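Order-wise, the sequence lines are chains A and B.
Under the numbering used here, the first residue of the first sequence carries the number 3, and numbering increases by one thereafter.
Under the numbering used here, the first residue of the second sequence carries the number 134, and numbering increases by one thereafter.
Here is the structure we will look at.
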Amino acid sequence: MTSRSRIPFYIAIFLLIAAGVSLAVWRHIELGIPWFSGQQQPVWVVEARIDFDGTGNPVLASLNVPDSPPGFRVLSEQAASPGYGFSIVEENRSRRSEWSKREVTGPQTLYFKVQFVPDEAALRQTPRRPPKPEPVFWEEPQATAVEEVLEQARSRSSTPQSLTRELIKLLQPNSNRAQNTTLLVSDADYMSLLSRMLNHADIPARTADGLYLEDARRRQNLKPFLQIYDGKSWLTFNPRTAEQGLPDNVLLWRQAAVSLFDLVGGDDSQVSFSMLRQTIPALQLAQAESDQNGLSFLSIYQLPIEEQGMFRMLLLLPLGAMVVAFMRIVVGIRTSGTFMPILIAVAFVQTTLVPGLIAFVSVVSIGLLMRGYLSSLNLLLVSRISALIILVIFITAGLSIAGYHMGFNTGMTVTFFPMVIIAWTIERMSILWEEEGAREVFVQSSGSLFVAVCAFLIMSAPLASHLTFNFPELHFVVLGLILLMGQYTGYKLSELRRFHPMKVYG
Amino acid sequence: MGWISPFKLNQLGMLNMNRRNVDYISRYNSRAFYPLVDNKLKTKLVVAEYDVPTPRLLQVVRQQHEISRFREIAADLKGFAIKPAKGSGGKGITVITGRDNEDYVKASGARVNISYLERHLSNILAGLYSLAGTPDVAIIENIVESSPTLARYSHQGVPDIRIIVFQGYPVMAMLRLATKDSDGKANLHQGAVGVGLDIGTGRSLNAVQFNRSIILHPDTGLALENIAIEAWGEMLEMAARCYEATGLGYMGVDLVVDATEGPLLLELNARPGLAIQMANGRGLLPRLRTIESLKRPHFTPRERATFAMDAFSERWQPARKQAT
Chain A
3 MTSRSRIPFY
13 IAIFLLIAAG
23 VSLAVWRHIE
33 LGIPWFSGQQ
43 QPVWVVEARI
53 DFDGTGNPVL
63 ASLNVPDSPP
73 GFRVLSEQAA
83 SPGYGFSIVE
93 ENRSRRSEWS
103 KREVTGPQTL
113 YFKVQFVPDE
123 AALRQTPRRP
133 PKPEPVFWEE
143 PQATAVEEVL
153 EQARSRSSTP
163 QSLTRELIKL
173 LQPNSNRAQN
183 TTLLVSDADY
193 MSLLSRMLNH
203 ADIPARTADG
213 LYLEDARRRQ
223 NLKPFLQIYD
233 GKSWLTFNPR
243 TAEQGLPDNV
253 LLWRQAAVSL
263 FDLVGGDDSQ
273 VSFSMLRQTI
283 PALQLAQAES
293 DQNGLSFLSI
303 YQLPIEEQGM
313 FRMLLLLPLG
323 AMVVAFMRIV
333 VGIRTSGTFM
343 PILIAVAFVQ
353 TTLVPGLIAF
363 VSVVSIGLLM
373 RGYLSSLNLL
383 LVSRISALII
393 LVIFITAGLS
403 IAGYHMGFNT
413 GMTVTFFPMV
423 IIAWTIERMS
433 ILWEEEGARE
443 VFVQSSGSLF
453 VAVCAFLIMS
463 APLASHLTFN
473 FPELHFVVLG
483 LILLMGQYTG
493 YKLSELRRFH
503 PMKVYG
Chain B
134 MGWISPFKLN
144 QLGMLNMNRR
154 NVDYISRYNS
164 RAFYPLVDNK
174 LKTKLVVAEY
184 DVPTPRLLQV
194 VRQQHEISRF
204 REIAADLKGF
214 AIKPAKGSGG
224 KGITVITGRD
234 NEDYVKASGA
244 RVNISYLERH
254 LSNILAGLYS
264 LAGTPDVAII
274 ENIVESSPTL
284 ARYSHQGVPD
294 IRIIVFQGYP
304 VMAMLRLATK
314 DSDGKANLHQ
324 GAVGVGLDIG
334 TGRSLNAVQF
344 NRSIILHPDT
354 GLALENIAIE
364 AWGEMLEMAA
374 RCYEATGLGY
384 MGVDLVVDAT
394 EGPLLLELNA
404 RPGLAIQMAN
414 GRGLLPRLRT
424 IESLKRPHFT
434 PRERATFAMD
444 AFSERWQPAR
454 KQAT
């Protein structure tokens, strides 16, 4: 009577799983998206986002865009800005993208998206025309101070590179610097001071702005770097540590000494950057280079980078849900709150495992202590939870500050935990404690943590994030498996233990 | 602790959590009927129409201002129980067994005054004990005086009888005795003793505490093997009648035996636990399948109770003694 009615269900599940697998296989064969992330070539997609308010006048916005940044090759450039005229202009050694529109009012957003391929060959750059040091004029008393500091640096160095390094060291606050230096540094903006001093010493120098490339970062700002010309090419220095050379993960967005962004006809402008590391196989890379629209349908690559970064996380959630379903239905682990473990696992992905575990356990246990006092006040549920949320925020702030003072940066990662969920967890555990005793609290919280760690391990596997992001259709398979588990009527692993006294009756 | 193989469990016909949820609760219990059993007041009113007696209702406190009337009523009462209508697992139930001048004596022997009870009532109204903290209603009932033959087995608390009723047929039953561990409560997972009862005769089969077989009650020291429930047929019929009253195909019926009024319905449960199988030493599945395969179901509660007493009796298979 029961098995017949389920046949359509199983057929549907089968079709769902088959559809997911065959779509993935087809895309693998047709588009060459590889199964493993190892076979791929990374491509960085960097998106500049410009926000400003139109004032009702004609607008001309112009953004400096990278021109052969060292260590990278530009694969494609794309601007998204409905209603605007757009073009890329090259003027005196810099490339700028320009947007124009006749009448603009209200908040505006412009996007400029560039795909970069890391390229070792593009590391060394020789300018077409050798630059000359710019003349610099100093007023007293700076002039004397500059001379003295330069003299000091010059005495310890032999080449333009070593002079630059020594100069940066002398200007650092921890270098026991002399009064001269203090006078200079306190006075002017550090980066322009540095390049002016080098120019003064007959070394062509300029400031460049770079982006630290980290996967799925949003709202990043440019960081300044110092560049000098040694007669053959531009060399890059870290302006704080004097380290020579460009780190692999830094993309120089602006090199020539021009402004990053100019705006006529608007105000309150802001430029921020998001970035994403895509893995594109060599085959597809070749296709994309010949055809700018080569990225195919059913992929998330077409979305703005900000959304893509979010989707990367979202697409991992089904895996977490599957782990929770498996643990509860088949293994029979008791957790507090059905899907709390997933949210904790997501937080672990941000904080990494061990610091995350420590932070979570300490927030919850301190919260439980405070909740003990709240329960003696006999508050109504809603205000109790609200009070708890505020307390949890205090606790996380306290832990972050304490961790920071003790020198653990990991203290700061507490903020990745979802506050409201933690407050609910504390509330539930505390009620559980009052009603069922400490043992049940221990069982459920260690169950939740165990499930969260399992979900974390699966979600943080590189293969998992590669497959879920590049083959979103595989989620049909996950969905099918979860639906199948919903029909599992067999014994849970924990029941084999629970019912073991029944052996006697066999 | 050991393990048991799934094949063995299957052979014993043990019903498990997943199968209970998928094959029985979600198939036979319509969501629409849940409010009937999750609210004790509604349960009381609906079963009354089907001649199932419950402890006498003295007052319903729905609003804060009605608490003052409670003071007038309580002044003349000796014993009563205050219950939240939507409470679960015995939370928020206060039982007053007697008076000491102006004070009230709780079941545990503690003395409380009227303002304590009023505060308790307003906590119930605010939803302190209800699921998810929704506002609730307090009901005040006559106290149940357990019949002395059963009461002596229990450490405090009133022993109650849980009967699983499937499509109107009583299929399995157990007696639940409170212990020191369970703090006077009759919930098995809190440490109460479960004594399996033969559906055919109402005699005890086997007893467990914390999933372990026991022979004697851990606090009262009384042997648990020769308990017999009086008026057993009548109780089974009462339980069977709850099916017509609620429409729930798979439920747990909790009964108590009052010294003067006889068997009374305490509450109904739409998600009865699985531990009853351990108390009986039998699996539920064979019995559930027997009922499912009936070609011509019986229409009256009496017929169903008689059928169950016949079909699920252990008479010809005497209760095995436990070797522990």
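Backbone N, C-alpha and C define an ideal beta-carbon position, used for all residues, glycine too.
From a predicted model like this one, the values you see are computed outputs, not experimental measurements.
Check                                                                                                                          : Outcome
Spatial distance of Glu436(B) from Arg160(B) (CA atoms)                                                                        : 24 Å
Nearest to Ile484(A) (by Cα), restricted to the options Glu497(A), Ile331(A), Ser338(A), Glu442(A)                             : Ile331(A)
For Phe341(A) and Phe452(A), the rounded distance between their alpha carbons                                                  : 13 Å
The stretch 412–424 of chain B contacting the stretch 293–306 of chain B, beta-carbon criterion three pairs below 8 Å          : yes
Cα-Cα separation between Gln310(A) and Leu262(A), rounded to whole angstroms                                                   : 25 Å
Val445(A) beta carbon less than 7 Å from that of Leu278(A)                                                                     : no
Arg345(B): contacting residues in chain A (beta-carbon distance under 8 Å)                                                     : Pro503
Contact check, Val194(B) vs Thr491(A), beta carbons under 7 Å                                                                  : no
Top-ranked residue by Cα proximity to Glu105(B), from Lys216(B), Gly222(B), Val328(B), Asp316(B)                               : The structure shown has nothing for residue 105(B), since chain B only spans 134 to 457.
Distance between beta carbons of Pro420(A) and Ile317(A), contact taken as under 8 Å                                           : Checking the sequence shown, residue 317(A) turns out to be Leu, not Ile. That pair is no contact at about 19 Å.
Candidates Leu345(A), Glu308(A), Thr337(A), of which the one nearest Leu321(A) by Cα                                           : Leu345(A)
Amino acids of chain B, ordered along the chain, whose beta-carbon sits closer than 7 Å to that of Glu497(A)                   : Asn149, Met150
Backbone CA spacing between Phe140(B) and Phe501(A) [nearest angstrom]                                                         : 12 Å
Ala412(B) and Leu369(B) closer than 7 Å at C-beta                                                                              : no
DSSP beta-bridge partners of Met307(B)                                                                                         : Arg295(B), Gly329(B)
CB-CB length for Ala108(A) against Asp55(A), believed under 8 Å                                                                : As written in the sequence, residue 108(A) is Gly, which differs from the Ala given in the question. Their Cβ separation, rounded to whole angstroms, is 7 Å, which keeps Gly108(A) and Asp55(A) in contact under 8 Å.
Inside the stretch 419–452 of chain B only - alpha helix (DSSP H) runs reaching at least 4 residues                            : 434–444
CB contact check: Thr111(A) to chain B, cutoff 7 Å                                                                             : no
Near-chain B residues of the stretch 462–494 of chain A (beta-carbon distance less than 9 Å), N- to C-terminal order           : Gly488, Gln489, Tyr490, Thr491, Gly492, Tyr493, Lys494
Beta strand (DSSP E) segment containing Asn413(B), residue limits                                                              : Not the beta strand (DSSP E): Asn413(B) falls in the alpha helix (DSSP H), residues 409–413.
Within-7 Å CB hit, Leu434(A) to chain B                                                                                        : no
Beta-carbon spacing of Tyr183(B), Glu394(B) below 7 Å                                                                          : no
Exposed unless 16 or more other CB atoms sit within 10 angstroms - verdict on Met408(A)                                        : exposed
Reference Pro92(A); option with closest CA among Val67(A), Glu105(A), Ser102(A)                                                : Here residue 92(A) is Glu; the residue named in the question, Pro, does not match the sequence. Nearest option by C-alpha distance: Val67(A).
Beta-carbon contacts of Val45(A) that lie in its chain and below 6 Å, excluding the five residues immediately before and after : Gln117, Val119, Gln280, Ile282
Where Ser70(A) sits in the DSSP three-state scheme                                                                             : coil
Length of the line joining the Cα atoms of Ala327(A) and Thr470(A)                                                             : 18 Å
Helix, strand or coil at Gly488(A) [DSSP, three-state]                                                                         : helix
Contact with chain B by Tyr507(A), beta-carbon distance below 7 Å                                                              : yes
Expected contact under 8 Å - CB spacing of Gly354(B) and Ala408(B) to nearest Å                                                : So it is not a contact: roughly 23 Å between Cβ atoms.
Bridge-paired residues (DSSP) for Ser197(A)                                                                                    : According to DSSP, Ser197(A) bridges with nothing at all.
Under the three-state DSSP convention, the category Lys239(B) falls into                                                       : strand
C-beta neighbour in chain B for Met371(A), strict 7 Å                                                                          : Contrary to the premise, residue 371(A) reads as Leu rather than Met in this sequence. It does not; no Cβ of chain B falls within 7 Å.
Beta-ladder partner(s) of Gly229(B), from DSSP                                                                                 : Note that residue 229(B) corresponds to Ile in the displayed sequence, not to Gly. Paired residues: Phe213(B), Lys239(B).
Separation of Ala210(A) from Ala244(A), as counted between CA atoms                                                            : 15 Å
Inter-residue spacing [alpha-carbon to alpha-carbon] between Leu261(B) and Leu382(A)                                           : 7 Å
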